[in-house]
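Residue numbers (our numbering), protein chains in the order written: chain R, 135 to 425; chain S, 242 to 574. The C-beta atom is built at its ideal place from N, Cα and C for all residues, glycine as well. Inspection log for the structure reproduced underneath, given as structure tokens.
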């Protein structure tokens with residue numbers, strides 16, 4: 135039993151790291167821009183297919199795709215910001231949500247048209263590799279995905295804490311008008327943070343694709359998970375998201391030891407409802423920013 | 242909303258006259274259209290036409306249901322399919338297992354959907370704004386998961402219902418008039434809400450929730466009540482829907498198309514106006530019919546999504562916004 139729990143803990147931590155990068159974009163965009171990106175998970179789905187496409191076309195390892203996905207999805211996110219979000223920035227928040235919902239439907243449906251509704255997996259040399267250390271066995275793909283996610287999360291943390299631009303972003307999250315008065319280009323910073331959020335979603339999608347089967351229409355599950363992580367951890371800070379991601383990864387893995395697979399999912403949804411009741415009022419931003 | 246639309250002065254008086262004229266137009270036009278629709282239902286034996294119109298009426302009810310919280314309250318519900326689906330599954334499970342009258346089963350469907358709304362609304366509507374929107378998307382997915390895995394829904398196999406003992410024409414006429422009646426009822430309800438304290442409270446929540454709360458509006462209760470009302474309407478429609486199609490399964494019942502259509506119809510017609518769904522639903526269904534002969538259903542959905550983005554960006558007040566000449570903000574949280 136102890137080794138079973140130890141095994142679950144190791145799996146859960148790796149899963150939590152993957153979940154962190156998957157949810158980071160939702161947390162940052164919501165925390166800094168006050169925009170709840172209901173289209174977040176379609177970019178995760180696109181990230182998974184990005185890795186699959188590069189693997190089948192160019193035989194690129196998903197680890198390489200993970201790195202490549204960051205600039206590609208950053209540009210995509212910046213473009214979405216310029217074309218859609220910036221136009222409705224001054225409008226009431228509801229219009230932005232409508233636009234993002236429309237975007238979600240368009241991208242999801244385009245995904246179905248391009249790749250059908252079939253479920254895919256990414257299989258590489260180390261996908262089924264099992265590395266043993268004492269009583270614990272680790273799956274190769276999960277180890278690689280978890281390690282890359284940790285690196286990406288650390289990079290995001292470093293950017294926001296240690297660079298001037300990152301600190302400007304934090305300042306803007308605190309008070310957008312004051313930041314603007316102090317000479318920060320809030321429009322450019324907003325585009326930057328939206329781009330980074332989508333880049334994290336894309337990279338998270340690559341990591342998700344390495345560890346789970348995926349299909350265009352199933353992305354909402356990751357929206358639910360990302361939302362859950364944001365509620366557990368809190369908004370807008372990398373370390374909060376990491377905490378949330380690790381908690382959810384561990385809870386899911388430990389529940390998986392005790393419950394059949396399909397019920398684990400329902401348990402997570404139940405957890406979401408309970409947490410909204412218990413922790414909802416404490417959600418940083420729910421009251422302060424009046425989203 | 243209305244007082245702000247009536248400016249003072251000579252020009253204002255002209256404006257007021259125009260507003261009054263427009264208001265006077267609605268009643269006779271509405272009565273005429275309604276009489277025409279009743280006559281058509283009695284006379285016509287065109288099954289396809291009755292079917293298409295019945296679907297439009299059904300969507301008007303769903304869109305009015307959305308309109309209560311979404312249009313007046315400014316809280317976006319992207320999961321109407323979930324409330325509709327809970328209703329559909331309620332009558333399907335009941336009708337499949339027990340010889341209960343469809344009327345009773347449909348009432349149960351409304352009740353089930355209402356209970357479901359409380360489960361969803363109480364945790365999420367205590368929060369401000371957009372959390373509710375994301376939760377409705379997730380809830381739709383979760384309910385579909387339940388329908389796929391629960392023992393009483395027969396999973397992805399779906400449920401068959403018994404065919405009603407009527408001729409094809411009688412069946413079409415029955416559903417035509419049922420949905421026409423529901424459309425009328427839903428529209429009257431929303432019309433009355435627009436003029437009630439409840440409606441004003443919802444608008445206050447939409448325009449400025451802080452101010453509303455300070456002024457004594459019990460915002461959480463008002464929002465939950467609005468969701469509940471819409472959910473009961475959607476549940477009843479869903480309950481009748483399963484008697485109409487006679488076979489339901491999770492993927493189709495909880496399809497995002499239903500939720501998307503409803504949002505698009507409301508926003509295109511004019512969210513927060515009782516006339517909005519009456520305009521939006523026929524327009525969207527007509528576009529859908531044109532597209533359906535030309536392209537696959539996925540392409541259809543893709544185009545609807547793109548239209549929603551365009552409408553939200555360029556005409557967020559919809560057709561009614563143009564008719565009323567509403568400027569500036571309509572959606573605010």
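Within chain R, the residues whose beta carbon sits less than 9 Å from that of residue 382(S) are 352, 354, 355, 357, 358 and 403, listed in sequence order. Residue-level contact by beta carbon holds for residue 243(R) and chain S, with a gap shorter than 8 Å. DSSP places residue 176(R) inside the alpha helix (DSSP H), whose first and last residues are 174 to 192. Interface residue (Cβ-Cβ distance to chain S less than 8 Å): residue 361(R) is classified as such. A distance below 7 Å between beta-carbons, with the five flanking residues on each side excluded, links residue 304(S) to the following residues of its chain, in chain order: 503, 506, 507, 518, 521 and 522. Residue 271(R) has 266(R) as its beta-bridge partners, per DSSP. Membership of residue 229(R) in the alpha helix (DSSP H) is indicated by the continuous run 227 to 249.
Taking C-beta atoms as the reference points, residue 251(R) and residue 351(R) count as a pair closer than 8 Å. Secondary structure note for residue 438(S): its alpha helix (DSSP H) is the uninterrupted segment 438 to 448.
A distance below 7 Å between beta-carbons, with the five flanking residues on each side excluded, links residue 322(S) to the following residues of its chain, in chain order: 381, 495, 496, 497, 499 and 500. Under the 8 Å criterion on CB atoms, residue 520(S) is classed as non-interfacial with respect to chain R. For residue 330(R), the enclosing alpha helix (DSSP H) begins and ends at 320 to 345. Comparing alpha-carbon positions, the option among 286(S), 524(S), 470(S) and 409(S) lying closest to residue 439(S) turns out to be 470(S). When beta bridges are read from the DSSP output, residue 488(S) appears opposite 401(S). Within chain S, the C-beta atoms nearer than 9 Å to that of residue 399(R) come from 383, 386 and 390, in chain order.
DSSP, read as helix, strand or coil, puts residue 371(R) in coil.
Taking 8 Å as the cut-off, the beta carbon of residue 357(S) is found closer than this to the beta carbon of residue 324(S).
Under the DSSP assignment, residue 394(S) falls outside any alpha helix (DSSP H); it carries neither an H nor an E label. Note that the region 508 to 516 of chain S touches the region 548 to 561 of chain S; at least 3 beta-carbon pairs, one per stretch, sit closer than 8 Å. Legend: CB atoms of the region 204 to 237 of chain R lying less than 8 Å from CB atoms of chain S belong to residues 218, 221, 222, 225, 226, 227, 228, 229, 231, 232, 233, 235, 236 and 237. Per the C-alpha coordinates, the member of 327(S), 284(S), 291(S) and 288(S) positioned closest to residue 483(S) is 327(S). The residues 260 and 263, in chain order, have a CB closer than 6 Å to that of residue 274(R) in the same chain once the five nearest residues on each side in sequence are set aside. Counting only Cβ-Cβ distances below 7 Å, residue 382(R) has no contacts in chain S at all, with the closest Cβ about 14 Å away. At a C-beta separation below 7 Å, residue 364(S) has these neighbours in chain R: 407, 410, 411 and 414. Rounded to whole angstroms, the gap between the alpha carbons of residue 349(S) and residue 314(S) is 27 Å. If you look at residue 352(R), you'll find it isn't in any alpha helix (DSSP H); DSSP assigns it neither H nor E.
In the DSSP assignment, residue 409(S) falls within the unbroken alpha helix (DSSP H) covering 409 to 435.
Among the residues facing chain R, residue 317(S) is included, as its CB has a counterpart in that chain under 8 Å away. Burial state of residue 145(R) is buried, judged by a 10 Å Cβ sphere holding 16 or more other Cβ atoms. Assignment of residue 254(R) by DSSP, reduced to helix, strand and coil, places it in the strand class.
The Cβ atoms of residue 181(R) and residue 339(R) sit closer than 8 Å to each other.
By the C-beta density criterion, residue 174(R) is buried, having at least 16 other C-beta atoms within 10 angstroms. With 16 or more other CB atoms across the displayed protein chains lying within 10 angstroms of its CB, residue 491(S) is buried. Between residue 497(S) and chain R, the shortest Cβ-Cβ separation is below 8 Å. For residue 223(R), the closest alpha carbon among the candidates 169(R), 347(R), 235(R) and 404(R) is that of 169(R). Of the candidates 298(S), 547(S) and 552(S), 298(S) places its Cα closest to the Cα of residue 479(S).
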